Amino acid sequence: MDAYAAELLEGLNDPQRRAVEHPGGPLLVIAGAGSGKTRVLTHRVAYLVRTGQAGLGEILAVTFTNKAAAELRHRVGDLLGRSTKGLWVATFHSACARILRVEAEKLGYTRQFTIYDSDDSKRLVKRVLEADGADTKRFTPNGVRNQISDHKNRLRSVEQAQQLAAGQYDRTVADAYAGYQKQLVANNAMDFDDLMGRTVDLFERYPDVRARYRNAFKHVLVDEYQDTNPAQYRFLQLLCMDDPMHQAGPSGGGGRDATGGAVDAVSGEGRLPLGQDALTAPLAGEEPGHRNLMVVGDDAQSIYGFRSADIRNILDFEDDFPDAEVIKLEQNYRSTQHILDAANGLIANNTNQRPKHLFTDLGTGDEVRVRALPDDHAEARWVVGEVERLAGEGVPLSQMAVLYRTNALSRGIETALTQAELEYQVVGGVRFFDRAEVKDALSYLQWLHNPANTVAFARVVNRPRRGIGDTTVGRILSHAAATGTTPLDVIKDPAAAGLKTAACKAVSTFAEQVAELHETLAGGHPEGAAADGGDLRVADLVEDVLRVTGYRAELEASTDPQDEGRLENLDQLHAFADEFDEEAPAEGDAQHVLDRFLQGAALLSDADRKADNPDGQVTLMTLHNAKGLEYDAVFLVGCEDGVFPHSRAIDSGELEEERRLAYVGITRARRHLSLTWARRRALYGPPQSQVPSRFLRELPLDALDETSPDALSGQPGGGMPTRGRRDFSSIGRVGRGPGGGAGGSGGGAANLAALGLKRGSALAGGDDDAPPAVNWRPGQRVRHVKFDAGEVVRMDGDVVVVRFDGHGEKRLIAGFARLEPIT
DNA sequence: GAGCATGAATCAAAT
DNA sequence: ATTCATGCTC
140 MDAYAAELLE GLNDPQRRAV EHPGGPLLVI AGAGSGKTRV LTHRVAYLVR TGQAGLGEIL
200 AVTFTNKAAA ELRHRVGDLL GRSTKGLWVA TFHSACARIL RVEAEKLGYT RQFTIYDSDD
260 SKRLVKRVLE ADGADTKRFT PNGVRNQISD HKNRLRSVEQ AQQLAAGQYD RTVADAYAGY
320 QKQLVANNAM DFDDLMGRTV DLFERYPDVR ARYRNAFKHV LVDEYQDTNP AQYRFLQLLC
380 MDDPMHQAGP SGGGGRDATG GAVDAVSGEG RLPLGQDALT APLAGEEPGH RNLMVVGDDA
440 QSIYGFRSAD IRNILDFEDD FPDAEVIKLE QNYRSTQHIL DAANGLIANN TNQRPKHLFT
500 DLGTGDEVRV RALPDDHAEA RWVVGEVERL AGEGVPLSQM AVLYRTNALS RGIETALTQA
560 ELEYQVVGGV RFFDRAEVKD ALSYLQWLHN PANTVAFARV VNRPRRGIGD TTVGRILSHA
620 AATGTTPLDV IKDPAAAGLK TAACKAVSTF AEQVAELHET LAGGHPEGAA ADGGDLRVAD
680 LVEDVLRVTG YRAELEASTD PQDEGRLENL DQLHAFADEF DEEAPAEGDA QHVLDRFLQG
740 AALLSDADRK ADNPDGQVTL MTLHNAKGLE YDAVFLVGCE DGVFPHSRAI DSGELEEERR
800 LAYVGITRAR RHLSLTWARR RALYGPPQSQ VPSRFLRELP LDALDETSPD ALSGQPGGGM
860 PTRGRRDFSS IGRVGRGPGG GAGGSGGGAA NLAALGLKRG SALAGGDDDA PPAVNWRPGQ
920 RVRHVKFDAG EVVRMDGDVV VVRFDGHGEK RLIAGFARLE PIT
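140 is the number of the first residue of the first sequence in our numbering; add one for each residue after it.
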């Protein structure tokens, strides 16, 4: 190794260095919070390049957000001292979108396909449910959409969903899934989940395509591996490994000698024009996978189960890849010891995890503070007072964050900060691109770009109001569907769709506007905007849309004070488009430019757009948004049972994930950490009495300051609720007697639960989150996300033994095994 | 087909 | 508390 490469190992601790130098093959880096995982990733990429193990273009690094991707790229560039052009750093979704743009035709799409966000897909699901005559009260579009999303994230085809459906609800969902998927194809659209799922389809159905990408990326690195879902797991497997279960036949059903096996991954004939040849093609001659998969993550920070992320991906890594090396990073470079003690003590209450113990040499530091306040207003004022105090001590506002479980909690804090005249920024909440006016404008672009997109059409056709109501829209859509054309074709000849005179007139006006916009898109800028050449400037197109349709004029004429803000948002969209035009000077034709713009807009999260704030604003955000960030001072507010942990999580037994979320929050803090709760809070409706979060009682006493215990044991300052009985009934879940305490297994350290709490103690519940009992019986056919179909051989205590077709017997932990019955 | 008023339902995290 | 849907009138 030359000195040039050796330089990249300097300053790394021993395990970090081993990870960077790892010779190849599967590698799991368990990176505790603040243990320098970004450092390991960036140094590893740079090291691979410098030692000549891989060219920049032969590395794929996958991150969780676009922002993280940009930062990783930047830091690799710094390390290498040169451009990182050619290096793929992307989120799973943007990497897949990029691949799918190129390969879209193989899947029955054109490369202009639209990416539907959750709002778009919700509308489409609703349309399908209504067409099916389903009761949308019982089968809410959102609920059904989430179920479909879960199916997709677990790579379940429509057929599998139908087979697995146990009750009427599941069957309705499966039917909606079938119709929805057909509609997506008809609309030339994919939802977020499809970006993963269809890429997996692509790789499974086209071994040559998979081989191409597999050969292209000799090393694959993944950040935040604990939050990957089964689809993402499969994607990585296909990219890196020998093909373990090549045949795509979804329902187990034996090998590739079975009846052609050409069951579509999702129904909807014609979606995959592929014949059966590729499915049944022999594997002979296929090159082995390079196996150079490095994943980095922390099981204690797995917080996206609701998005079907599966913590078992990281817990079972060695089982999946028996030759894997595992390196643990436990030295924390971020926080002082009291903060780490709090984090360690809390997470010790989880059972389903890899043991680890964070330590630091930054010293003990401040004690963690727990505070109870009489109500939410007092809580907000207390936090703001502390912000001011710390600011007086020289902590910049940009180094302070207020974190909460739900966005609804930001409001009170915002009010208090405003009253104190402190600058703040809120990350998340309603995404910029989700605002109605911004979505309207983008939908215009989407529909101009992809006329088959009926969701976008339905959204914009009557906005601003031009007298085209639901009935007319319905007629246009069904006529388009009946004739196999697009709404664009229909509005050119409205009479053919059987529209009456008045409707025809309104539609024709709209058609004229659309025609004008298409001219702009085609390059003939009508009114001297960027008249040179034929290159499309997206900013000009946005402007034309707002002008030609009269959208802007209507807002300007409005007296509604909110419309001013809407205009500002549209200006921001324009600025965003302008920035895009500057950064990515129109390569290729207008189609490609719009592809990239719309894809970028669809996949950008709000957090991605937040600039760093050197000039000092306090940051407010949810715990989920805080992942990966760090602040000198952190305030975790709303630590009350029902708020955090959220009542729905309590009900559905997701306490371990909630606890990990608390762990994420605590470990964001470098030097100061405060956790607060309010005895009374008005959240939805009138103020309610609250009880402290069970997580507060799991914090080790030694890590807390001397006033913290009072925040739980007594009611100093008269914070006692005055409306006794009714409030108690509203608490609801005060079920368990004392003694069900969570402290028992928690490693011996004294914690607040031991203090003999009054009301709060009744809530102590240690066993809420036991895994659901699963009773597998011998002979039962099951399916596994990794090993496909198999048969249960026997039960052995908690262990279930399964003989998988073609994979032999595996021993799996019954409660956690990724098994599903095949009915 | 649009606009308004009233009543009802919802209220977790987000690429 | 706020959003959303429905029903009524013009």
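Glycine included, C-beta positions come from ideal geometry on N, C-alpha and C.
Note that the structure is predicted; figures quoted are calculated from it, not measured.
Cβ shell of residue i (< 8 angstroms), same chain only, five flanking positions each side left out
i: Phe203; result: Thr230, Asp362, Glu363, Asp366, Lys766, Gly767
i: Ala788; result: Leu794, Glu796, Glu797
i: Phe278; result: Leu268, Tyr308, Thr311, Val312, Ala315
Own chain partners of residue i with C-beta closer than 6 angstroms, once the 5 adjacent residues on each side are dropped
i: Ala142; result: none
i: Phe572; result: Ala740
i: Ala850; result: Val509, Arg510, Ala511
i: Leu377; result: Phe342, Arg349
i: Trp816; result: Ala511, Cys778, Glu779, Pro831
i: Gly623; result: none
i: Val215; result: Thr181, Val184, Ala185, Thr223
i: Ala273; result: Thr311
For residue i, the three-state DSSP class (helix, strand or coil)
i: Arg262; result: helix
i: Ser474; result: coil
i: Ser813; result: strand
i: Ser786; result: helix
i: Ser869; result: Confidence is the limiting factor: at Ser869 the pLDDT is only 30, short of 50, which leaves the residue's position unreliable and the question unanswerable from this model.
i: Gln492; result: coil
i: Ile238; result: helix
i: Phe834; result: coil
i: Gln558; result: helix
i: Ser406; result: Because the pLDDT at Ser406 is just 34, under 50, the model does not fix this residue reliably, and the point stays unresolved.
i: Ser549; result: helix
Selection from the options that minimises the alpha carbon distance to residue i
i: Arg604; options: Ala645, Phe571, Asp628; result: Ala645
i: Leu218; options: Glu518, Leu195, Ser233, Lys206; result: Leu195
i: Glu242; options: Leu334, Ala621, Val757; result: Leu334
i: Leu743; options: Ala482, Ala207, Gly502; result: Ala207
i: Val782; options: Glu149, Gly567, Asn546; result: Asn546
i: Val283; options: Gln919, Ala555, Gln307, Gly524; result: Gln307
i: Val684; options: Pro700, Lys321, Val653; result: Val653
i: Met760; options: Phe649, Arg570, Val297; result: Arg570
i: Asp981; options: Pro700, Leu167, Val264; result: This structure leaves residue 981 out entirely; the chain is present only between 140 and 962.
i: Pro346; options: Ala328, Val359, Met380; result: Met380
i: Asn281; options: Asp259, Ser537, Lys291; result: Asp259
Where the alpha helix (DSSP H) through residue i begins and ends
i: Asp347; result: 346–355
i: Thr367; result: No alpha helix (DSSP H) holds Thr367; DSSP gives it neither H nor E.
i: Gly613; result: 609–622
i: Tyr443; result: Counting along the chain, Tyr443 falls outside any alpha helix (DSSP H), and DSSP gives it neither H nor E.
i: Gly318; result: 307–325
i: Thr659; result: 640–661
i: Val188; result: 176–189
i: Tyr255; result: Taken as a continuous stretch (DSSP letters only), Tyr255 belongs to no alpha helix (DSSP H), being part of the beta strand (DSSP E) at 253–255.
i: Asp702; result: 701–722
Endpoints, beta strand (DSSP E) assigned at residue i
i: Ile805; result: Taken as a continuous stretch (DSSP letters only), Ile805 belongs to no beta strand (DSSP E), being part of the alpha helix (DSSP H) at 794–805.
i: Arg510; result: 508–514
i: Glu464; result: 464–468
i: Gln564; result: 563–565
i: Val534; result: Val534 -> no beta strand (DSSP E), and no H or E assigned at all.
i: Val434; result: 432–436
i: Val201; result: 198–202
Straight-line Cα distance separating residue j from residue i
i: Cys235; j: Thr338; result: 6 angstroms
i: Asn483; j: Pro165; result: 28 angstroms
i: Val523; j: Ile630; result: 56 angstroms
i: Ile198; j: Ala170; result: 21 angstroms
i: Ala842; j: Arg262; result: 49 angstroms
i: Glu769; j: Ile478; result: 13 angstroms
i: Gly637; j: Lys265; result: 25 angstroms
i: Gly515; j: Ala772; result: Contrary to the premise, residue 515 reads as Asp rather than Gly in this sequence. Cα-Cα distance, rounded: 20 angstroms.
i: Phe331; j: Glu532; result: 45 angstroms
i: Leu694; j: Gly704; result: 10 angstroms
i: Pro626; j: Leu733; result: 20 angstroms
Cβ shell of residue i (< 7 angstroms), same chain only, five flanking positions each side left out
i: Trp586; result: Asn592, Ala595, Phe596, Val599
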